[in-house]
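Student: What follows is a single structure, and I will ask about it in a moment.
There are 4 protein chains.
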Amino acid sequence: MNIGFIGLGAMGSPMAENLLKAGHTVTAYNRTRARADALAAIGAQVAAAPADACHGDVVITMLADDAALEAVALGPGGILASVLSGSIHIGMSTISVALSERLAEAHHRAGSVYIAAPVFGRPEAAAAAKLFVVAAGPSAAIARCRPVFDAIGQKTYDVGERASAANVIKLCGNFMLAAMVEGLGEAIALVRKHGLDPAQFLDLITSSVFTAPAYKIYGSIIVREAYQPAGFKVPLALKDLRLMLAAGEAASVPLPLASLVRDHAIAAIARGYAEWDWSAVAKIAAENAGL
Amino acid sequence: MNIGFIGLGAMGSPMAENLLKAGHTVTAYNRTRARADALAAIGAQVAAAPADACHGDVVITMLADDAALEAVALGPGGILASVLSGSIHIGMSTISVALSERLAEAHHRAGSVYIAAPVFGRPEAAAAAKLFVVAAGPSAAIARCRPVFDAIGQKTYDVGERASAANVIKLCGNFMLAAMVEGLGEAIALVRKHGLDPAQFLDLITSSVFTAPAYKIYGSIIVREAYQPAGFKVPLALKDLRLMLAAGEAASVPLPLASLVRDHAIAAIARGYAEWDWSAVAKIAAENAGL
Amino acid sequence: MNIGFIGLGAMGSPMAENLLKAGHTVTAYNRTRARADALAAIGAQVAAAPADACHGDVVITMLADDAALEAVALGPGGILASVLSGSIHIGMSTISVALSERLAEAHHRAGSVYIAAPVFGRPEAAAAAKLFVVAAGPSAAIARCRPVFDAIGQKTYDVGERASAANVIKLCGNFMLAAMVEGLGEAIALVRKHGLDPAQFLDLITSSVFTAPAYKIYGSIIVREAYQPAGFKVPLALKDLRLMLAAGEAASVPLPLASLVRDHAIAAIARGYAEWDWSAVAKIAAENAGL
Amino acid sequence: MNIGFIGLGAMGSPMAENLLKAGHTVTAYNRTRARADALAAIGAQVAAAPADACHGDVVITMLADDAALEAVALGPGGILASVLSGSIHIGMSTISVALSERLAEAHHRAGSVYIAAPVFGRPEAAAAAKLFVVAAGPSAAIARCRPVFDAIGQKTYDVGERASAANVIKLCGNFMLAAMVEGLGEAIALVRKHGLDPAQFLDLITSSVFTAPAYKIYGSIIVREAYQPAGFKVPLALKDLRLMLAAGEAASVPLPLASLVRDHAIAAIARGYAEWDWSAVAKIAAENAGL
Chain A
612 MNIGFIGLGA MGSPMAENLL KAGHTVTAYN RTRARADALA AIGAQVAAAP
662 ADACHGDVVI TMLADDAALE AVALGPGGIL ASVLSGSIHI GMSTISVALS
712 ERLAEAHHRA GSVYIAAPVF GRPEAAAAAK LFVVAAGPSA AIARCRPVFD
762 AIGQKTYDVG ERASAANVIK LCGNFMLAAM VEGLGEAIAL VRKHGLDPAQ
812 FLDLITSSVF TAPAYKIYGS IIVREAYQPA GFKVPLALKD LRLMLAAGEA
862 ASVPLPLASL VRDHAIAAIA RGYAEWDWSA VAKIAAENAG L
Chain B
612 MNIGFIGLGA MGSPMAENLL KAGHTVTAYN RTRARADALA AIGAQVAAAP
662 ADACHGDVVI TMLADDAALE AVALGPGGIL ASVLSGSIHI GMSTISVALS
712 ERLAEAHHRA GSVYIAAPVF GRPEAAAAAK LFVVAAGPSA AIARCRPVFD
762 AIGQKTYDVG ERASAANVIK LCGNFMLAAM VEGLGEAIAL VRKHGLDPAQ
812 FLDLITSSVF TAPAYKIYGS IIVREAYQPA GFKVPLALKD LRLMLAAGEA
862 ASVPLPLASL VRDHAIAAIA RGYAEWDWSA VAKIAAENAG L
Chain C
612 MNIGFIGLGA MGSPMAENLL KAGHTVTAYN RTRARADALA AIGAQVAAAP
662 ADACHGDVVI TMLADDAALE AVALGPGGIL ASVLSGSIHI GMSTISVALS
712 ERLAEAHHRA GSVYIAAPVF GRPEAAAAAK LFVVAAGPSA AIARCRPVFD
762 AIGQKTYDVG ERASAANVIK LCGNFMLAAM VEGLGEAIAL VRKHGLDPAQ
812 FLDLITSSVF TAPAYKIYGS IIVREAYQPA GFKVPLALKD LRLMLAAGEA
862 ASVPLPLASL VRDHAIAAIA RGYAEWDWSA VAKIAAENAG L
Chain D
612 MNIGFIGLGA MGSPMAENLL KAGHTVTAYN RTRARADALA AIGAQVAAAP
662 ADACHGDVVI TMLADDAALE AVALGPGGIL ASVLSGSIHI GMSTISVALS
712 ERLAEAHHRA GSVYIAAPVF GRPEAAAAAK LFVVAAGPSA AIARCRPVFD
762 AIGQKTYDVG ERASAANVIK LCGNFMLAAM VEGLGEAIAL VRKHGLDPAQ
812 FLDLITSSVF TAPAYKIYGS IIVREAYQPA GFKVPLALKD LRLMLAAGEA
862 ASVPLPLASL VRDHAIAAIA RGYAEWDWSA VAKIAAENAG L
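Protein chains in written order, with my numbering: chain A, 612 to 902; chain B, 612 to 902; chain C, 612 to 902; chain D, 612 to 902.
Right, here's the structure in full:
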């Protein structure tokens, strides 16, 4: 397929690379051009502006937040103004439920199609094409995009016609990871202060009750305090929690656990860990215990 | 081995049954005798008093809380007063770090041995001999007790000489389950209020990011609101959270997530769900969202 | 003085009335005209559009939220487009720190002046001209507006040249009221469930430790569960907490107590109390205790 | 009156001194005798053991916690074993609801009388005889003790026949002070990080909305970070919050705000502020904001 790809960050770059490896044509745009040039070395076309990435079958966005996507999609010279009738915009970043709804409607009016397809997985999973893709939008369009999803992920879920459903689910998943990290952080702080070996504790619980790989990945970061280099930085997790809380407020759902982790993410930034991996919320649990 | 077994509740009964099936001699005591009689039908001896269960190689306790164990172990006619020199008391219930330390010391003075060996798993896992056993105490004694652990569990962890280490780890594991249930409860409330299918959501996250069986087991209870019959009732989870918070206070570790779930467990009791499964803390999340 | 007044809600109407009583000329605008007509009966001019209220010395806005003020101030036919050079816009509603900064800058560029002057006090205090005014902006402009503040309040604080300082302080004050109401709500729930008389409890603490009138006013609402008619409805308090949390996030200040009350405000809305006084967050404390 | 006084800490010493000044005979006991000797210099008798303070009309206890009072009251050579029939034990320290109930019952069986009379006020208020006394117990006994209460306080409340009612109210009052301090701490952290003057903020709110002296006293400590010397140390506040939470759990009342401040009190201890005034929970709010 002929694919435009906008946003070559820690996730976008390996995803675009996997699309190239799968034989797709990729026209890539990134605000700082160096990252697009790196991709050109393995076969990508470099777009000088977002509009130049909008002339294929599909344009994928993988941008940092709502503001970035709003500018690129709805701003002057943006995707809505440039995309061909009938082609598909796949929004893969974690954005708000509200923006997803606006984009679906704008594309519908413009004769193009919007699919929300956020992904679960850290940069290493993106590199290994092992992401989980949560896709929502018109089913025919999702079917057409299967080769895209297959090239970057290990499994794709189709969660229905309403694009924003995928965003709700993605936010919930990220929130549950945050709940897990908070739980790990508090438990590991307690284990340490009782003089026990946190690595042994982690081995034990991840080989018995909590066998999901996410527990091992994050638990290992926390036990080793290996918050750098960051897979996802604290402000990105704070953004996701903010979006989750906004989705909660919009539907009148109190989310006290999301509030709790949000407060710890803010504390992590306040204390100088903004560049660290977001699991540094567990560092706050440790510091609050005097560790 | 010749085993005394005190406490035949939802967990203790299937555990004792598995010991019988494995060929051990079991002398069982329960406050309400009917449960001991049921076990007699498949080969157990019935003890008329706790002391009568203390004359074998090992005496296991599986009681509801600190108060019950304290009475049976340290009270008049209790284990400490009755156990043979050199024999082993295995405390398998979830008790406080402090009581575990007192029991280890009391047995040491009495010439007997205390092993803490709390287990992870719900009654169904106990019935299937699929528990995870976390054992701590003198290593020679743990080695002697291997046949006991093998008969009831799928895996045993030896976490060192200090008995209370096993209790710290057990409390941390239960706390992490509580964190998981709170996260599931809030996420599922949001999913519902956004008009999505919670069963589909659960299938998605448990086949991608959260593959540990505990997510499926508890997620399924919450999605179906199948809080009855209870595997473990709310007050038992509240007790475990109280013990976790006490272990935190003793070591100066704030545990805000434990506090949060504790408050929801109290709300569940206040609203009439004391007889429900403890995962009914997720019912509070739902009700607070107007569901 | 010649004063425009935009926004005649539960607070704005009595404030405008007090300006009339003090001898000022008032040109009033309200989206639903009936409220302006009521004021005309006691001497106000009625403006057909916001622009018509912008031709005097001063234009005051007392609107529900950021969106309403943004539309009236910055939208087409709005204040910025209509105000005379050198005249003063006094923003008296509780708005975000960010919007206050934008307004100050926009007025500065336009040759007019922005003063932020939010007020403390409920509608009864507005009627009695007993509000507390927290004013910030160019000091000469504040001095010119003294007659306005004197007509509506019992005391005015000048907190400096930066307009948004007044908004930070107002948000902090509202947050502290929320902390007080949450504390009262939880304490009164406990008093009730221990079988004591909450009215006696309230008399005791408000005549000893907590003598500030706010404790009596809100405590009495909570003790009598007299949440209707509402002085300020729950969604308005939720908005203020949201603004407080945004001010916290902007400066990297975690505000866990604000998060807690926010969750209870959302629960109050979810459970059907959106039309009640915002102190109905205490109703959530009561319900969570099974009352 | 002939009064025994047990417990001469930061509160007890000035209280006993005021009893002497009022003309009462005081026989004082303290574990570390030096404090009793200091009182002897102004006319007190020194008791060598608690029992020696039990032969008058009244014996007052002002001890650190439940454990201390339980030992002195119910232990061998304690008050219950020594007090004369018909005489009165006034428990003035902040203790658990449960212990108050046990003491009332024990005294009733012994033919003596138990009055719970905890006080509001810091050491300076104790020195100035400006405490507020919350008394509960048999009304005739309370009437007999009026001269005692009048000598140490500015006002006495009689809250009924059930002694533990006074303890519930005292715990609620302390909790509401904790809510106030947490609110002040978070607000002041925000004010600071927005570059405003916290002293000006405090003056403003304490002369408008929050006029109760407690806001000035604690706000001033927080603004000046004058946590030493301590009026009441952090562990004492943590104890009171623990008792409040226990009273909540006993009556199935979730108290999330009490849990929140408890966590901050534990963090304060973990970070090395155990010897500071308990308002150092606000120091945690500041540190979590990177201040």
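Just so you know, even glycine gets a beta-carbon here, dropped at the ideal spot from N, CA and C.
Please read these numbers as outputs of a predicted model, since none were measured by experiment.
(1) Could you tell me which whole beta strand (DSSP E) segments of length 3 or greater appear in the segment 682-730 of chain A?
(2) When you compare only the Cα positions, how much space is there between Lys741/A and Pro758/A?
(3) Between Arg646/D and the rest of its own chain, which residues show a CB-CB distance below 7 Å, the 5 nearest in sequence each way excluded?
(4) Compare the Cα-Cα distances from Ile828/D to each of Met791/D, Ala800/D and Thr672/D and report the closest residue.
(5) Residues of the segment 848-874 of chain B in Cβ contact with chain D at a cutoff of 8 Å, in chain order, please.
(6) Could you pull the DSSP bridge partners for Asn613/D from this structure?
(7) Can you pull the chain B residues whose beta carbon is under 7 Å from the beta carbon of Ile617/D, in chain order?
(8) Apply the 10 Å Cβ neighbour rule to Thr643/A and answer buried if 16 or more other Cβ atoms are within range, or exposed otherwise.
(9) On the DSSP letters alone, give me the boundaries of the beta strand (DSSP E) that Ile763/D sits inside.
(10) With which residues is Thr590/D paired in a DSSP beta bridge?
(11) For Glu797/C, count the other beta carbons within 10 Å of its own beta carbon; 16 or more makes it buried, fewer makes it exposed. Which is it?
(12) Between which two residues does the alpha helix (DSSP H) harbouring Thr817/A extend?
(13) So, for Gly688/A: in the same chain, excluding its five sequence neighbours on each side, which residues have a beta-carbon less than 8 Å away from its beta-carbon?
(14) Given that a residue counts as buried once 16 or more other Cβ atoms are within 10 Å of its Cβ, and exposed if not, what is Ala664/B?
(15) In chain order, what residues of the same chain lie with their CB nearer than 8 Å to the CB of Leu801/D, ignoring the 5 residues before and after it?
(16) With a CB to CB cut of under 7 Å and the five nearest residues on each side skipped, what residues in its chain are close to Leu685/B?
(17) Does the beta-carbon of Pro840/A have 16 or more other beta-carbons within 10 angstroms, so that it is buried, or is it exposed?
(18) Check Val820/A in the structure and name its three-state DSSP category.
(19) Please list the partners that Thr822/B has in chain A, where partner means a Cβ-to-Cβ separation under 8 Å.
(20) Just to confirm, is the Cβ distance from His875/A to Glu793/A under 8 Å?
(21) According to the neighbour-count rule (16 or more other Cβ atoms, all chains shown, within 10 Å of its Cβ), is Leu815/D buried or exposed?
(22) May I ask which residues mark the beginning and end of the alpha helix (DSSP H) holding Val792/A?
(23) I need the straight-line Cα distance from Val745/A to Lys781/A, nearest angstrom please.
(24) Which residues share a DSSP beta bridge with Ile671/C?
(25) My assumption, with CB atoms under 8 Å, is that Phe598/B sits in contact with Ala823/A. Please give the rounded CB distance.
(26) Among His700/D, Pro729/D, His719/D and Pro865/D, which has the Cα closest to the Cα of Val708/D?
(27) If we define contact as Cβ-Cβ less than 8 Å, is Tyr829/C a contact residue for chain D?
(28) With respect to the alpha helix (DSSP H) encompassing Ile877/B, which residues constitute its N-terminal and C-terminal limits?
(29) Select from Gly784/D, Ala649/D, Val694/D and Ala682/D the residue whose C-alpha is nearest the C-alpha of Asn613/D.
(30) Which chain B residues sit within Cβ distance under 9 Å of Ala881/C?
(31) So the alpha helix (DSSP H) Leu590/D belongs to, where does it begin and stop?
(32) Between Ala897/C and the rest of its own chain, which residues show a CB-CB distance below 6 Å, the 5 nearest in sequence each way excluded?
(33) Could you give the first and the last residue of the continuous alpha helix (DSSP H) run that contains Met855/B?
(34) Is it right to say Ser750/A is buried, meaning 16 or more other beta carbons lie within 10 angstroms of its own, or is it exposed?
(35) Suppose the cutoff is 7 Å on Cβ atoms and the five residues either side in sequence are ignored; what does the same chain contact list for Ala858/D look like?
(36) In angstroms, rounded to a whole number, what distance separates the CA positions of Phe616/C and Met855/A?
Tutor: From the atom records:
(1) 699-702 and 724-727
(2) Residue mapping note: residue 741/A aligns to position 130 of the first sequence, counting from 1. Residue mapping note: residue 758/A aligns to position 147 of the first sequence, counting from 1. Rounded to whole angstroms, Lys741/A to Pro758/A spans 14 Å at the Cα level.
(3) Within the fourth sequence, the letter at position 35 stands for residue 646/D. Closer than 7 Å at the Cβ level, and outside the excluded window around Arg646/D, lie Leu619 and Ser624.
(4) Counted from its first residue, the fourth sequence places residue 828/D at position 217. Closest by alpha carbon: Met791/D.
(5) Leu849, Arg853, Gly859, Glu860, Ser863, Val864, Pro865, Leu866, Pro867, Ser870, Leu871, Arg873 and Asp874
(6) Counting from 1 along the fourth sequence, the entry for residue 613/D is found at position 2. In the DSSP output, where bridge partners are listed per residue, Asn613/D has Thr636/D.
(7) Walking along the fourth sequence from the start, residue 617/D turns up at place 6. By Cβ distance, chain B contributes nothing, its closest Cβ being about 27 Å from Ile617/D, past 7 Å.
(8) For the purposes of this step, residue 643/A is identified with residue 32 of the first sequence, where counting begins at 1. Thr643/A should be labelled exposed.
(9) For the purposes of this step, residue 763/D is taken as the residue at position 152 of the fourth sequence. Taken as a continuous stretch (DSSP letters only), Ile763/D belongs to no beta strand (DSSP E), being part of the alpha helix (DSSP H) at Arg757 to Ile763.
(10) A query on residue 590/D cannot be resolved here, the shown segment of chain D reaching from 612 to 902 and no further.
(11) Here residue 797/C refers to the residue found at position 186 of the third sequence. By the neighbour-count rule (16 or more Cβ atoms within 10 Å), Glu797/C is buried.
(12) Position 206 of the first sequence holds residue 817/A. Taken as a continuous stretch (DSSP letters only), the alpha helix (DSSP H) holding Thr817/A covers Pro809 to Thr817.
(13) Here the question's residue 688/A lines up with position 77 in the first sequence. Closer than 8 Å at the Cβ level, and outside the excluded window around Gly688/A, lie Ala660, Pro661 and Ala662.
(14) Position 53 of the second sequence, counted from the start, is the residue given in the question as residue 664/B. Ala664/B comes out buried.
(15) The sequence position of residue 801/D within the fourth sequence is 190, counting from 1. Excluding sequence neighbours, Leu801/D sits near Ala900.
(16) For the purposes of this step, residue 685/B is taken as residue 74 along the second sequence, with counting starting at 1. Excluding positions up to five away in sequence, the list reads Leu691 and Ala717.
(17) Taking the first sequence and counting its residues from 1, the one referred to as residue 840/A is at position 229. Pro840/A comes out exposed.
(18) One-based indexing of the first sequence puts residue 820/A at position 209. Of the three classes helix, strand and coil, the one that applies to Val820/A here is coil, per DSSP.
(19) If you number the second sequence from 1, residue 822/B lands on position 211. Correct list: Thr822, Ala823 and Pro824.
(20) Numbered from its first residue, the first sequence carries residue 875/A at position 264. Numbered from its first residue, the first sequence carries residue 793/A at position 182. Yes; because the gap between Cβ atoms is below 8 Å, this pair is in contact.
(21) As a first step, residue 815/D must be located in the fourth sequence, where it is residue number 204. By the 10 Å Cβ count, Leu815/D comes out buried.
(22) Numbered from its first residue, the first sequence carries residue 792/A at position 181. Counting along the chain, the alpha helix (DSSP H) containing Val792/A begins and ends at Ala774 to Lys804.
(23) Indexing the first sequence from 1 puts residue 745/A at position 134. Indexing the first sequence from 1 puts residue 781/A at position 170. Straight-line Cα distance between these residues: approximately 7 Å.
(24) What you label residue 671/C is simply residue 60 of the third sequence in a count that begins at 1. In DSSP, Ile671/C forms a bridge with Phe616/C and Ile701/C.
(25) Residue 598/B cannot be examined here, being either before or after the span of chain B that is shown, 612 to 902.
(26) Here the question's residue 708/D lines up with position 97 in the fourth sequence. Cα-wise, what sits closest to Val708/D is Pro729/D.
(27) Within the third sequence, residue 829/C is the residue found at index 218, counting from 1. Output row for Tyr829/C: interface = no.
(28) As a working note, residue 877/B is residue 266 in the second sequence. First-last of the alpha helix (DSSP H) with Ile877/B: Pro867 to Ala881.
(29) Residue 613/D sits at position 2 when you count from the first residue of the fourth sequence. That would be Val694/D, whose Cα lies nearest to the Cα of Asn613/D.
(30) Within the third sequence, residue 881/C is the residue found at index 270, counting from 1. By Cβ distance, chain B contributes Lys804, Glu898, Asn899, Ala900, Gly901 and Leu902.
(31) For residue 590/D there is no data in the structure shown, the boundaries of chain D being 612 and 902.
(32) The residue you call residue 897/C lines up with position 286 of the third sequence. Ala800, listed in sequence order.
(33) Position 244 of the second sequence holds residue 855/B. Segment Val845 to Ala861, the alpha helix (DSSP H) holding Met855/B.
(34) For this step, residue 750/A is matched to residue 139 along the first sequence. Exposed, because fewer than 16 other Cβ atoms sit within 10 Å of the Cβ of Ser750/A.
(35) By 1-based counting over the fourth sequence, the position of residue 858/D is 247. Result list for Ala858/D: Val708, Val779 and Leu782, in chain order.
(36) Within the third sequence, numbered from 1, the residue matching residue 616/C stands at position 5. Within the first sequence, numbered from 1, the residue matching residue 855/A stands at position 244. Spanning the two alpha carbons is a distance of roughly 38 Å.
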